[in-house]
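Scroll down for the structure; my scribbles are underneath it.
2 protein chains.
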Amino acid sequence: MPLLVMKFGGTSVATLDRIARASKRVAREVANGYDVIVVVSAMAGKTNELVGWVEETSPLYDAREYDAVVASGEVVTAGLMALRLQEMEIPARSWQGWQVPVKTTSAHSAARIEEIGTEAINAKFGEGFKVAVVAGFQGISPEGRVTTLGRGGSDTTAVAFAAAFGAERCDIYTDVDGVYTTDPRIEDKARKLDRIAFEEMLELASLGAKVLQTRSVELAMRYKVKLRVLSSFEEYDPNAGTLVCDEEEIVEQNVVSGVAYSRDEAKMTLISVADRPGIASAIFTPLADAGVNVDMIVQNISEDGRTDMTFSCPVGQVARAEKALAQAKDAGSINFRELVADQDVAKISVVGIGMRSHAGIASKMFSVLANEGINIKVITTSEIKISVLVDRKYMELAVQALHDAFDLDKV
Amino acid sequence: MPLLVMKFGGTSVATLDRIARASKRVAREVANGYDVIVVVSAMAGKTNELVGWVEETSPLYDAREYDAVVASGEVVTAGLMALRLQEMEIPARSWQGWQVPVKTTSAHSAARIEEIGTEAINAKFGEGFKVAVVAGFQGISPEGRVTTLGRGGSDTTAVAFAAAFGAERCDIYTDVDGVYTTDPRIEDKARKLDRIAFEEMLELASLGAKVLQTRSVELAMRYKVKLRVLSSFEEYDPNAGTLVCDEEEIVEQNVVSGVAYSRDEAKMTLISVADRPGIASAIFTPLADAGVNVDMIVQNISEDGRTDMTFSCPVGQVARAEKALAQAKDAGSINFRELVADQDVAKISVVGIGMRSHAGIASKMFSVLANEGINIKVITTSEIKISVLVDRKYMELAVQALHDAFDLDKV
Numbered sequence: 001m002p003l004l005v006m007k008f009g010g011t012s013v014a015t016l017d018r019i020a021r022a023s024k025r026v027a028r029e030v031a032n033g034y035d036v037i038v039v040v041s042a043m044a045g046k047t048n049e050l051v052g053w054v055e056e057t058s059p060l061y062d063a064r065e066y067d068a069v070v071a072s073g074e075v076v077t078a079g080l081m082a083l084r085l086q087e088m089e090i091p092a093r094s095w096q097g098w099q100v101p102v103k104t105t106s107a108h109s110a111a112r113i114e115e116i117g118t119e120a121i122n123a124k125f126g127e128g129f130k131v132a133v134v135a136g137f138q139g140i141s142p143e144g145r146v147t148t149l150g151r152g153g154s155d156t157t158a159v160a161f162a163a164a165f166g167a168e169r170c171d172i173y174t175d176v177d178g179v180y181t182t183d184p185r186i187e188d189k190a191r192k193l194d195r196i197a198f199e200e201m202l203e204l205a206s207l208g209a210k211v212l213q214t215r216s217v218e219l220a221m222r223y224k225v226k227l228r229v230l231s232s233f234e235e236y237d238p239n240a241g242t243l244v245c246d247e248e249e250i251v252e253q254n255v256v257s258g259v260a261y262s263r264d265e266a267k268m269t270l271i272s273v274a275d276r277p278g279i280a281s282a283i284f285t286p287l288a289d290a291g292v293n294v295d296m297i298v299q300n301i302s303e304d305g306r307t308d309m310t311f312s313c314p315v316g317q318v319a320r321a322e323k324a325l326a327q328a329k330d331a332g333s334i335n336f337r338e339l340v341a342d343q344d345v346a347k348i349s350v351v352g353i354g355m356r357s358h359a360g361i362a363s364k365m366f367s368v369l370a371n372e373g374i375n376i377k378v379i380t381t382s383e384i385k386i387s388v389l390v391d392r393k394y395m396e397l398a399v400q401a402l403h404d405a406f407d408l409d410k411v
Numbered sequence: 001m002p003l004l005v006m007k008f009g010g011t012s013v014a015t016l017d018r019i020a021r022a023s024k025r026v027a028r029e030v031a032n033g034y035d036v037i038v039v040v041s042a043m044a045g046k047t048n049e050l051v052g053w054v055e056e057t058s059p060l061y062d063a064r065e066y067d068a069v070v071a072s073g074e075v076v077t078a079g080l081m082a083l084r085l086q087e088m089e090i091p092a093r094s095w096q097g098w099q100v101p102v103k104t105t106s107a108h109s110a111a112r113i114e115e116i117g118t119e120a121i122n123a124k125f126g127e128g129f130k131v132a133v134v135a136g137f138q139g140i141s142p143e144g145r146v147t148t149l150g151r152g153g154s155d156t157t158a159v160a161f162a163a164a165f166g167a168e169r170c171d172i173y174t175d176v177d178g179v180y181t182t183d184p185r186i187e188d189k190a191r192k193l194d195r196i197a198f199e200e201m202l203e204l205a206s207l208g209a210k211v212l213q214t215r216s217v218e219l220a221m222r223y224k225v226k227l228r229v230l231s232s233f234e235e236y237d238p239n240a241g242t243l244v245c246d247e248e249e250i251v252e253q254n255v256v257s258g259v260a261y262s263r264d265e266a267k268m269t270l271i272s273v274a275d276r277p278g279i280a281s282a283i284f285t286p287l288a289d290a291g292v293n294v295d296m297i298v299q300n301i302s303e304d305g306r307t308d309m310t311f312s313c314p315v316g317q318v319a320r321a322e323k324a325l326a327q328a329k330d331a332g333s334i335n336f337r338e339l340v341a342d343q344d345v346a347k348i349s350v351v352g353i354g355m356r357s358h359a360g361i362a363s364k365m366f367s368v369l370a371n372e373g374i375n376i377k378v379i380t381t382s383e384i385k386i387s388v389l390v391d392r393k394y395m396e397l398a399v400q401a402l403h404d405a406f407d408l409d410k411v
């Protein structure tokens with residue numbers, strides 16, 4: 001029997017009515033001939049309520065107790081959906097993480113799945129059960145305690161089940177109807193993509209297109225799980241949403257797939273750093289130790305043994321970065337004249353698998369921005385992405401101009 | 001290290017503030033030198049919310065899914081209390097039923113505890129943990145699914161843990177401050193008892209003094225677990241509440257310990273039943289099959305081969321009893337002239353271990369009621385209890401007169 005994994009997020013199971021609606025979608029896939037593993041989140045708001053109670057009770061909480069409390073939300077949804085499916089005369093039962101079992105590391109609140117037992121659920125399918133409703137986001141540690149995978153972990157649960165059970169596809173039902181060429185709130189010509197490659201989705205996800213959790217995309221790529229993102233609030237359509245898949249499965253493809261942005265960036269420049277072997281390490285090790293997420297790094301050419309070093313990080317981490325660098329200077333491990341922080345920048349990126357084989361994308365991007373009078377402050381590139389920092393006031397303009405120039409509104 | 005079991009009901013853990021307050025009581029017992037097993041209910045209202053969701057989703061629900069959903073309430077409280085205790089620097093952790101494990105039968109929603117594993121919790125006490133916070137009301141079936149013990153099951157959980165771990169005492173914290181000689185709302189001279197024997201508590205519990213679940217008292221009696229009922233809303237006092245214990249531990253004891261009542265009784269009389277061997281069985285088997293809880297039974301002396309048979313049952317079951325008896329009559333298995341239901345009666349009982357060795361309690365009870373002009377309709381007796389049915393309008397008067405006559409306001 002072919003198998004499908006369907007994942008419903010918190011807004012898709014927020015009320016009993018919505019659980020009933022999601023159950024209808026499951027029933028339809030059962031009617032289509034599938035065995036189905038459903039992965040559910042907690043009802044919207046429940047996780048926040050539980051987290052609030054934990055934080056109020058114990059600000060520096062024991063993550064093992066946090067996990068025990070917070071994982072209870074998904075257990076409730078799983079039981080209710082199993083009951084709803086039974087009402088529709090579909091043989092179904094709920095599974096908690098420890099029952100499957102979903103074996104994870106002991107890193108509470110940020111555990112990683114190590115192994116999913118398939119025996120018990122497959123035995124139930126063998127007995128004629130059609131649906132296993134799995135509480136997402138949770139597992140069991142080697143010590144026998146309940147773990148959680150961290151926020152958004154239900155996506156990861158779903159992909160991991162799809163990989164473990166060899167599912168034909170993993171459908172992620174959410175409150176958006178797919179992945180867009182850019183944010184429709186900024187560019188109203190933004191177009192939904194029918195397909196996108198794993199690598200592109202990874203770049204877009206980490207750039208703030210918050211449709212899918214990065215970890216779940218990585219996992220899908222590694223195990224070649226076809227991932228579909230679609231809305232649980234639209235009418236049924238077998239071709240709905242966006243399929244995230246291997247690039248070989250994408251027949252027609254624009255060179256650029258999307259334009260992403262990230263609003264809360266800061267640019268930091270160390271002026272007149274003594275240039276010597278090991279200087280980059282001397283700068284970035286204390287930053288990493290202080291928990292600063294450094295993104296782009298640019299080093300100017302050296303002159304008279306000194307250079308300027310520029311990097312970007314989230315705006316909220318500027319103070320932390322300044323403190324770490326000041327301490328390193330005091331300790332004598334680095335030497336610079338001045339540290340300049342520019343907190344009014346945004347990052348704009350164009351992403352596309354096709355860039356690997358097409359030259360000239362970078363120069364086109366730069367000339368489009370120049371034509372709009374937008375100054376580029378920092379540039380970084382990867383095989384399938386070009387990112388620039390610009391003044392934040394130009395962010396929307398830059399996104400719109402690039403979306404236009406690369407014809408992203410056209411297939 | 002001596003061990004104590006402390007159980008907190010839903011109103012005692014209804015909010016984070018109350019969980020903090022309950023935790024302080026636990027901390028005090030730890031300071032007194034005890035290892036403590038705390039058994040918690042769900043926060044007041046949570047279980048009803050979860051049950052409501054289940055019933056709305058599936059009116060004839062699968063009890064296995066009901067149990068999975070409903071048991072989550074206690075899990076949340078257990079985690080929160082463990083966190084609160086940790087904040088007070090007391091080494092504590094939470095335990096779900098399946099983690100302990102609390103092994104039960106597969107009778108979902110009404111499971112019975114078969115065995116409690118003591119190894120894992122004792123190992124933690126050995127490592128220096130001072131408190132195990134156990135989610136009450138739940139266990140795990142032989143099939144590995146979550147079970148619940150039925151409403152009020154947390155009392156039973158607490159007593160079962162006290163028995164399994166050989167606890168010095170099991171303290172049941174609730175919203176009343178102990179067991180009274182009668183209901184203080186009816187008789188303002190009602191006095192809190194310092195001690196009461198298991199057998200007496202059983203009679204009082206089943207008669208509607210809703211302080212403790214009957215099953216938990218039975219279990220405590222069987223395993224000789226000292227049980228203390230006390231309020232979680234009063235100041236700390238090592239002698240607070242009422243101790244339910246073996247009668248040998250009660251030094252001074254009135255002959256009568258309490259006067260109980262039950263308001264919603266009905267008296268049913270089958271007039272002119274053909275008296276033959278097996279007639280009682282022919283009458284009461286269909287009633288049992290119809291789910292009627294028959295309490296008192298009185299058979300008149302036989303005359304000309306016919307007799308009258310009187311029994312009592314809850315008022316709410318009168319219609320069901322009438323239907324069952326009419327069907328049995330139609331089927332020819334019993335034969336009677338008329339069925340008379342009197343729905344305006346109440347049951348009054350005096351209870352006391354001392355009655356075993358003291359004659360004259362029954363005659364004193366009857367004369368007290370006679371002096372008040374109260375007619376007795378039915379009488380039943382056990383070794384430690386005398387119950388009568390009277391017109392409901394005399395209920396309060398009867399309770400007050402008996403409380404006075406047996407000097408229950410005096411030690």
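Same order as they appear, the protein sequences are chains A and B.
Take 1 as the starting number for the first sequence in the working numbering and just add one per residue.
Take 1 as the starting number for the second sequence in the working numbering and just add one per residue.
All C-beta atoms, glycine included, are put in the ideal place defined by N, C-alpha and C.
Model, not experiment: these values are computed from the prediction.
With respect to the C-alpha of residue 114 (chain A), the residue from A:157, A:95, A:120 and A:96 having the closest C-alpha is A:157. Of the candidates A:146, A:45 and A:373, A:373 places its Cα closest to the Cα of residue 391 (chain A). DSSP, reduced to helix, strand and coil, places residue 137 (chain B) outside both helices and strands of the structure shown, so it counts as coil.
For residue 250 (chain A), same chain residues with a beta-carbon under 8 angstroms away, outside a window of 5 residues either side, are 195, 196, 197 and 353 in chain order.
DSSP, read as helix, strand or coil, puts residue 381 (chain B) in strand. Boundaries of the beta strand (DSSP E) around residue 94 (chain A): 92-95. Around the beta-carbon of residue 260 (chain B), 16 or more other beta-carbon atoms lie within 10 Å, marking it buried. Listed along chain A is no residue with a C-beta nearer than 7 angstroms to that of residue 253 (chain B); the closest approach is about 44 angstroms. DSSP places residue 62 (chain A) outside both helix and strand once states are collapsed to three, so it counts as coil.
A straight-line Cα-Cα distance of about 15 angstroms links residue 336 (chain A) and residue 287 (chain A). Residue state for residue 376 (chain A) is assigned as coil, using DSSP reduced to three classes.
Contact residues of the region 115-136 of chain B toward chain A are absent (C-beta to C-beta distance below 7 angstroms).
By the C-beta density criterion, residue 28 (chain A) is exposed, having fewer than 16 other C-beta atoms within 10 angstroms. Boundaries of the beta strand (DSSP E) around residue 307 (chain A): 306-314. Around the Cβ of residue 327 (chain B), a 10 Å sphere holds fewer than 16 other Cβ atoms; the residue is exposed. Among the residues facing chain A, residue 68 (chain B) is included, as its CB has a counterpart in that chain under 9 angstroms away. Contact with chain A is absent for residue 27 (chain B), since none of that chain's Cβ atoms lies less than 9 angstroms from the residue's Cβ. Chain order gives no chain A residues near residue 38 (chain B), where near means a beta carbon separation below 9 angstroms; the closest approach is about 14 angstroms.
Residue ranges of uninterrupted alpha helix (DSSP H) with 4 or more members, entirely inside the region 150-219 of chain B and ordered along the chain, are 153-165 and 198-206. Proximity to residue 269 (chain B) across B:297, B:247 and B:253 peaks at B:297, based on C-alpha coordinates. For the region 252-282 of chain A, no residue has a beta-carbon sitting nearer than 8 angstroms to a beta-carbon of chain B. The shortest CA-to-CA distance from residue 357 (chain A) to any of A:382, A:349 and A:346 is the one to A:382.
At a cut-off of 9 angstroms, the C-beta of residue 19 (chain B) has a neighbouring C-beta in chain A. Judged by DSSP in its simplified three-state form, residue 228 (chain A) adopts strand. Contact check for residue 132 (chain B) against residue 160 (chain B) fails: the beta carbons are separated by 9 angstroms or more. Counting other Cβ atoms within 10 Å of its Cβ, residue 301 (chain A) stays below 16 and is therefore classed as exposed.
Residue burial is scored here from C-beta neighbours: residue 367 (chain B) has fewer than 16 other C-beta atoms within 10 angstroms and is therefore classed as exposed. Only residues of its own chain outside the window of five on either side were considered, and among them 171, 173, 177, 178, 240 and 241 have a CB closer than 7 angstroms to the CB of residue 230 (chain A), listed in chain order. Within the model, the alpha-carbon separation for residue 220 (chain A) versus residue 238 (chain A) is close to 21 angstroms. Interface with chain A (9 angstroms Cβ-Cβ cutoff): residue 57 (chain B) is included. If you draw a straight line from the Cα of residue 213 (chain B) to the Cα of residue 168 (chain B), it comes to about 20 angstroms. Nearest in C-alpha terms to residue 307 (chain A), of all of A:216, A:360, A:338 and A:191, is A:338. Within chain B, the residues whose beta carbon sits less than 8 angstroms from that of residue 87 (chain A) are 57 and 58, listed in sequence order. In this structure residue 30 (chain B) touches residue 130 (chain B) by the C-beta definition: roughly 5 angstroms separates them, less than 8 angstroms.
With a threshold of 16 other beta carbon atoms within 10 Å, residue 363 (chain B) falls short and is exposed. For the region 45-56 of chain B, the set of positions with a beta-carbon nearer than 8 angstroms to some beta-carbon of chain A reads 50, 53, 54 and 56 in chain order.
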